[in-house]
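>
Protein chains in written order, with the UniProt record's numbering: chain A, 1 to 162; chain B, 1 to 162.
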C-alpha cells in the first residue's frame, strides 16, 4: 500500500438492513468460497455496524465484503489508493476522507472521542486506546481525547448509538 | 470479586430486538443518569450482539445494563458470585456456566474458536487472541484454537453469524 503502510488508519462504518443480514449470513457461511478470510490488521467491531482497522489491502477485500460496508472513513492525509477506491466503487461504498495531521494513532483518537460520547469513564477509554495503539500510543493523543468537548454533541445524543 | 480477580473471564451474549434497540438508545443517551459508565476490564464487541470482557463487578453493572444482555456465558470453574447472580436475575439474564480448567485465557480461546467458525485466517485469530490475553497469552491456548475442528459445526453454518 505504498505510503500508507502500518501508519495508515481507516475507520469503517456500516448500517445494516434486513437484506444485508441475509446476504451477510450467506457470505460468512462461505457459499461459493474456499480460502480463509483475512481481516485487516487491528480489525475490531467498535459498536453495532461500526468497525475499525489498520489500512486494508487487496488481501482483505473478501473479508471486508462480508461486512456489507456502506461507508469508509479514511483519516490519513495521503490520497486514497486507486485499488482501494476501485473496491469501494464496485461495492457502492462511500468514502469520507478526513486527513488528520495532529495525532499518532488517528483511529484510536476518533474511537476515544466516540467512547466519550457514549459516556465511558476515561480510564476505560484510555485502556482501549492503548490496547490498539500499542507502540504508537502517545500521551498527546490521550490528552486530545480527554479535552474533547462532548457538550456540543448533546443534540446528537440519539444518533451516537449507531 | 474474591477468587475471581483478574484471572476470571466472562463472555456475554445478546440478541437484540427492535424494542431492545429503542431502549438501548435511551439508556446510552444517558436519560436519568449522571455518572460515567465503567465497562469491565478487556471489554469489547466480538460480533453483532456478542460481547467479551473480564469478570465484572458492581461498578460495571450500569454499563452492562446498556447492552441489554440476554445471556451470560461464564467460563471459570468457581461458583458464580451472589452479587452478580442477583444482577442477572433482576435483569432476566440467563447464566450459562461452563467451567474450563484447561486454558489460561478462557474467553480468548472461545472467541478464537468462533473466529475459526467465521473462517478467519489463523494469523488474524492469534493476533486478536494476543491483543486481549497480553501477559496471559499461552502457546498451548493457541494450539487449542488451531486444533479446534470446525467440520462438525457445518450444519450450524448459518447460526454463527449471530
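All C-beta atoms, glycine included, are put in the ideal place defined by N, C-alpha and C.
Remember, predicted model here, so these are calculated numbers, not experimental data.
1) For residue 54 of chain A, report the span of its beta strand (DSSP E) as first-last.
2) Can you confirm whether residue 124 of chain B, when its beta carbon is compared against all beta carbons of chain A, has any partner nearer than 8 Å?
3) So, using beta-carbon positions, are residue 115 of chain A and residue 128 of chain A closer together than 8 Å?
4) Does the distance from the C-beta atom of residue 51 of chain B to that of residue 43 of chain B stay below 8 Å?
5) For residue 65 of chain B and residue 119 of chain A, what's the separation of their Cα atoms in angstroms?
6) Please go through the region 43-102 of chain A and give each complete beta strand (DSSP E) segment of 3 or more residues, from N-terminal end onward.
7) Looking at the structure shown, is residue 132 of chain A part of a helix, part of a strand, or coil, going by DSSP?
8) Residues of chain A with a CB under 9 Å from the CB of residue 110 of chain B: which are they?
9) How many angstroms separate the CA atom of residue 73 of chain B from the CA atom of residue 124 of chain B?
10) Name, going along the chain, the residues of the region 67-95 of chain B whose beta-carbon falls closer than 7 Å to a beta-carbon of chain A.
11) Taking only beta-carbon positions, decide if residue 38 of chain A is within less than 8 Å of chain B.
12) Residues of chain A with CB closer than 7 Å to the CB of residue 121 of chain B, please, in chain order.
13) Taking 6 Å as the limit between beta carbons, can you name the residues of its chain near residue 61 of chain A, skipping five residues before and five after?
14) Counting only Cβ pairs nearer than 7 Å, list the residues of chain B close to residue 107 of chain A.
15) Taking Cβ to Cβ, would you say residue 104 of chain A is nearer than 8 Å to residue 138 of chain A?
16) So residue 63 of chain A packs on residue 113 of chain A, CB below 8 Å; how close in whole Å?
17) Please work out which residues of its chain come closer than 7 Å, Cβ to Cβ, to residue 83 of chain A, disregarding the five sequence neighbours upstream and downstream, and give them in chain order.
18) So, with DSSP's three-state summary, where would you put residue 153 of chain B?
19) Quick check: residue 109 of chain B and residue 145 of chain B, are their CB atoms within less than 8 Å of each other?
20) Within 8 Å of any Cβ in chain B, is that where the Cβ of residue 168 of chain A sits?
21) Cβ closer than 7 Å: which chain B residues qualify as neighbours of residue 131 of chain A?
Reading it off the structure:
1) The sequence position of residue 54 of chain A within the first chain is 54, counting from 1. Start and end: 50-54.
2) To locate residue 124 of chain B, count along the second chain from 1; it is residue 124. Yes, residue 124 of chain B counts as interfacial toward chain A.
3) Taking the first residue of the first chain as position 1, residue 115 of chain A is located at position 115. Taking the first residue of the first chain as position 1, residue 128 of chain A is located at position 128. Cβ distance < 8 Å, so residue 115 of chain A and residue 128 of chain A count as in contact.
4) Mapped onto the second chain, residue 51 of chain B falls at position 51. Mapped onto the second chain, residue 43 of chain B falls at position 43. Cβ atoms of residue 51 of chain B and residue 43 of chain B: closer than 8 Å.
5) Taking the first residue of the second chain as 1, we reach residue 65 of chain B at position 65. Taking the first residue of the first chain as 1, we reach residue 119 of chain A at position 119. Residue 65 of chain B and residue 119 of chain A have their C-alpha atoms some 13 Å from each other.
6) Fully contained in the region 43-102 of chain A are the following beta strand (DSSP E) runs of length 3 or more, in chain order: 44-47, 50-54, 71-74, 94-97.
7) Numbered from its first residue, the first chain carries residue 132 of chain A at position 132. Three-state result, residue 132 of chain A: helix.
8) Taking the first residue of the second chain as position 1, residue 110 of chain B is located at position 110. Neighbours of residue 110 of chain B on chain A: none; closest Cβ ~16 Å, over 9 Å.
9) Taking the first residue of the second chain as 1, we reach residue 73 of chain B at position 73. Taking the first residue of the second chain as 1, we reach residue 124 of chain B at position 124. Going from the Cα of residue 73 of chain B to the Cα of residue 124 of chain B covers about 24 Å.
10) If the cut-off is 7 Å between Cβ atoms, the region 67-95 of chain B has nothing near chain A.
11) As a first step, residue 38 of chain A is located in the first chain; it is residue number 38 there, counting from the start. Yes - at least one Cβ of chain B is within 8 Å of the one on residue 38 of chain A.
12) Here residue 121 of chain B corresponds to residue number 121 of the second chain, with the count starting at 1. Within chain A, the residues near residue 121 of chain B are 36, 37, 38.
13) By 1-based counting over the first chain, the position of residue 61 of chain A is 61. Cβ within range, chain order: 87.
14) Numbered from its first residue, the first chain carries residue 107 of chain A at position 107. Chain B residues near residue 107 of chain A: none, gap ~14 Å exceeds 7 Å.
15) Looking up residue 104 of chain A in the first chain gives position 104. Looking up residue 138 of chain A in the first chain gives position 138. Going by C-beta atoms, residue 104 of chain A is nearer than 8 Å to residue 138 of chain A.
16) One-based indexing of the first chain puts residue 63 of chain A at position 63. One-based indexing of the first chain puts residue 113 of chain A at position 113. The pair is not a contact, with the Cβ atoms about 26 Å apart (cut-off 8 Å).
17) Within the first chain, numbered from 1, the residue matching residue 83 of chain A stands at position 83. Within the same chain, residue 83 of chain A has close Cβ partners 58.
18) Within the second chain, residue 153 of chain B is the residue found at index 153, counting from 1. Here residue 153 of chain B sits in helix by DSSP.
19) Position 109 of the second chain, counted from the start, is the residue given in the question as residue 109 of chain B. Position 145 of the second chain, counted from the start, is the residue given in the question as residue 145 of chain B. For residue 109 of chain B and residue 145 of chain B, yes; Cβs fall inside 8 Å.
20) There is no way to answer for residue 168 of chain A, as the model of chain A reaches only from 1 to 162.
21) Along the first chain, read from residue 1 onward, the residue named residue 131 of chain A stands at position 131. Ordered by position in chain B, the residues that pass the 7 Å Cβ test against residue 131 of chain A are 131.
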